[in-house]
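Below: the structure, in structure tokens.
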Amino acid sequence: LDKIQKIAYTLSCVDALSNLSVIAHKYHYCKPQLTKESILKIKDSKHPVLEKIFIEDKFIPNDIDIDIEKNQIMIITGPNMAGKSTYIRQIALIVLLAQIGSFVPAKKAIIGLVDRIFTRIGASDFLIKGQSTFMVEMNETSNILHNATSKSLIILDEIGRGTSTFDGISIAWAVVEYIHNKIKAKTLFATHYNELTELEVLFPKIKNYNIAVKEWNEELIFLRK
85 LDKIQKIAYT LSCVDALSNL SVIAHKYHYC KPQLTKESIL KIKDSKHPVL EKIFIEDKFI
145 PNDIDIDIEK NQIMIITGPN MAGKSTYIRQ IALIVLLAQI GSFVPAKKAI IGLVDRIFTR
205 IGASDFLIKG QSTFMVEMNE TSNILHNATS KSLIILDEIG RGTSTFDGIS IAWAVVEYIH
265 NKIKAKTLFA THYNELTELE VLFPKIKNYN IAVKEWNEEL IFLRK
């Protein structure tokens, strides 16, 4: 039994690694440059799953240039369906792929090693434990604020939407401020609260980004950039 289990484990490793190489070759992934610096510079990043699904609608790649010295926190705004969540998720996936030894879906990537990737994405309750959507959201956010370090990557999507607008803005504002001043981790923060764009004026390492859209013949066109 011991020998069979060792063979199974070895074959599973070969299977996983060979799949990574096949996908990297087939879809022209690039070899990331890993560094101990707290930076994240990626040219033409793509979502490794969604770019295979949207065959007719060509997947639009995006860059990222973030570091803890000048551009630590990205506040990303834009309408529903514009691509905010896809963008922040693909960055997290690329960092994860790089750190397990895989090539990544991008033209060029310089990726600083992270100790953890923290995410707060989606809205769901936990009825069995009697927790509302807001309670689940706050518990997960609390876990991030207590455990993240300056070497972590934090991905936050719509913090504060589980409660009233005024309270939600206040919570989101306080979370961003705490990450900037205390944790100092690289952070991508997607939000509908346009009030949070004022943070860029107040804090030197917070930068605003917007997912572009345009109107054409009374239709809204998502540019995904």
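Heads up, the sequence shown is in my numbering, so the first residue is 85 and it goes up one at a time.
Note that CB positions come from ideal geometry on N, CA and C, so glycine has one too.
Legend entry - Touching by the beta-carbon criterion (3+ pairs, under 8 Å), the stretch 229 to 243 and the stretch 252 to 260: yes
Inset, instruction - Kindly indicate which three-state DSSP category MET158 falls into: helix, strand or coil? - result: strand
Inset, instruction - Go through its chain and collect everything with a Cβ distance to GLU221's Cβ below 6 Å, but skip five positions before and after it. - result: GLY246
Inset, instruction - Have a look at ARG173 and GLN89 and give me their C-alpha separation to the nearest angstrom. - result: 35 Å
Inset, instruction - Determine, using beta carbons only, whether PHE192 and CYS97 come nearer to each other than 8 Å. - result: First, the residue type needs correcting, since residue 192 is Lys and not Phe in the sequence shown. Contact: no.
Legend entry - N- and C-terminal bounds of the alpha helix (DSSP H) containing ASN227: 217 to 231
Inset, instruction - Label TYR277 either buried or exposed according to how many other C-beta atoms from any shown protein chain fall within 10 Å of its C-beta, with 16 as the threshold for buried. - result: buried
Legend entry - Cβ contact check for the stretch 290 to 304 and the stretch 179 to 186: 3 or more pairs under 8 Å: no
Legend entry - DSSP state of GLU261 mapped onto helix, strand, coil: helix
Inset, instruction - Work out the CA separation of ILE290 and GLU282 for me, nearest whole Å. - result: 10 Å
Legend entry - C-alpha gap between VAL133 and LEU177, whole angstroms: 10 Å
Inset, instruction - Use the C-beta contact count for ARG163: other C-beta atoms within 10 angstroms, 16 or more gives buried, fewer gives exposed. - result: Sequence inspection shows Pro at residue 163; the Arg mentioned does not correspond to that position. Counting Cβ neighbours within 10 Å, PRO163 comes out exposed, since fewer than 16 surround it.
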